[in-house]
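The structure appears below as structure tokens.
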Amino acid sequence: MGNKNTPPGFVERRSTPRTQTPLFKVMLTLNVIGWVSLVVALILFHFARPDFISGVQSYWGVEGKNSWSPEYVRAMLGVLQLGLGVSLVSIVIRARRSRRRGDTFGSNLIVLAVIAAVSLITIVTTFDVFK
Numbered sequence: 013m014g015n016k017n018t019p020p021g022f023v024e025r026r027s028t029p030r031t032q033t034p035l036f037k038v039m040l041t042l043n044v045i046g047w048v049s050l051v052v053a054l055i056l057f058h059f060a061r062p063d064f065i066s067g068v069q070s071y072w073g074v075e076g077k078n079s080w081s082p083e084y085v086r087a088m089l090g091v092l093q094l095g096l097g098v099s100l101v102s103i104v105i106r107a108r109r110s111r112r113r114g115d116t117f118g119s120n121l122i123v124l125a126v127i128a129a130v131s132l133i134t135i136v137t138t139f140d141v142f143k
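Quick note on numbering: the sequence shown equals residues 13 to 143 in the numbering used here.
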């Protein structure tokens, strides 16, 4: 009983399993670095944004941060650039490497690249980060 995606008489010519190749391990590492950079960017976003000052806080005179923190915004910009770069490199490597019909597409890298690109465009157009 074989894989239902392989034609009858198919002979596997790979000497080592795909998960044991060095390129697979590099791709896995790049994928993890990309998604961790997105999580770090979300954490930086949390610290960069202004505080929410409710009506009760205004009434009691509680002070809060009214503007975005430029240091955290610059750090978030760098982390998002790293994530976009890693995901684009991984997409190119995967496109060059995957030639078989059964090879996976890697849609998570495309989602990561789109999220990072939209976030970068939003930061660059919203904030004056190049002061």
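Just so it is clear, CB atoms sit at the ideal spot from N, CA and C, and this is done for glycine as well.
Do residue j and residue i have their beta-carbon atoms positioned less than 7 Å apart in this structure?
i, j, result
"Leu132", "Gly46", "no"
"Ser119", "Leu42", "no"
"Phe64", "Tyr84", "no"
Decide if residue i is buried, meaning its Cβ has at least 16 other Cβ atoms within 10 Å, or exposed.
i, result
"Ser99", "buried"
"Gly95", "buried"
"Pro29", "exposed"
"Ile55", "exposed"
Find the nearest neighbour of residue i within the set the options, judged by alpha-carbon distance.
i, options, result
"Pro62", "Pro20, Pro82, Leu40 and Val130", "Pro82"
"Gly90", "Ile65, Tyr71, Gly67 and Ala128", "Ala128"
"Arg109", "Pro20, Leu35 and Thr28", "Leu35"
"Val51", "Thr33, Pro29, Leu92 and Thr138", "Leu92"
"Ile122", "Thr134, Asn78 and Ile105", "Ile105"
"Arg86", "Leu40, Trp72, Ala107 and Ala53", "Ala53"
Report all residues from its chain with a CB closer than 7 Å to the CB of residue i; omit the five preceding and five following residues, and keep chain order.
i, result
"Phe57", "Met88"
"Val130", "none"
"Phe139", "Trp80 and Val85"
Between residue i and the rest of its own chain, which residues show a CB-CB distance below 6 Å, the 5 nearest in sequence each way excluded?
i, result
"Ser49", "Val91, Leu94 and Gly95"
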